[in-house]
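Colleague:
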Amino acid sequence: MNFRLEFTGEARLDIQDSFNWYNLRKAGLGNDFVLCIESAINQILRDPMHCSPQFKDVRRKLVKRFPFHIVYILRDSLILIIGVFHTSRAPEAWVKRVKRMRD
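Residue numbers (our numbering): 94 to 196.
1. So, is P160 buried or exposed, given that buried needs 16 or more other C-beta atoms within 10 angstroms?
2. Whole-angstrom Cβ separation of F99 and L173, contact assumed at under 8 Å?
3. Could you tell me which uninterrupted beta strand (DSSP E) segments, each at least 3 residues in length, are contained entirely in the region 115 to 162, listed from first to last along the chain?
4. Using beta carbons (cut-off 8 Å, strictly below), is L155 in contact with chain D?
5. I172 bridges to which residues according to DSSP?
6. Span of the alpha helix (DSSP H) holding R182?
7. If you run the structure through DSSP and keep just helix, strand and coil, what is D110?
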């Protein structure tokens, strides 16, 4: 099955903010971060059911090399990336975002 991939505006900002933060720490590290995000997203596209539901239809994929996870919703043939969160953040951060989307 082919899946359609979409990002919320907040998810795009999450990636951009982290890219900027890592590049300020070390030149090129932001690019490494984005490559790892892309790799994780490609894994999601290949097998979106691999990650167990965490909250209703919300799933999380850990990112290699960086302490982040990608939070996404799988609906039929749509994969909606709703955020890219640091693993130290409380789960309430992404749960709130999901609830805001559904209101």
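The beta-carbon is built from N, C-alpha and C at its ideal position, and this holds for glycine as well.
Modeller: Straight from the coordinates:
1. As a working mapping, residue 160 is identified with position 67 in the sequence shown. Counting Cβ neighbours within 10 Å, P160 comes out exposed, since fewer than 16 surround it.
2. Working through the sequence shown from its first residue, we reach residue 99 at position 6. Working through the sequence shown from its first residue, we reach residue 173 at position 80. In the sequence as displayed, the identity of residue 99 is Glu instead of Phe. The pair is a contact, with the Cβ atoms about 5 Å apart (cut-off 8 Å).
3. As far as the region 115 to 162 is concerned, its whole beta strand (DSSP E) runs of at least 3 residues are 146 to 148, 151 to 155.
4. Of the chains in the structure shown, none is chain D; there is only one protein chain.
5. Counting from one through the sequence shown, the residue named residue 172 turns up at place 79. Per the DSSP secondary-structure output, I172 pairs in a beta bridge with L98, L167.
6. To locate residue 182, count along the sequence shown from 1; it is residue 89. No alpha helix (DSSP H) contains R182, which DSSP labels as neither H nor E.
7. Position 17 of the sequence shown, counted from the start, is the residue given in the question as residue 110. Helix, per DSSP.
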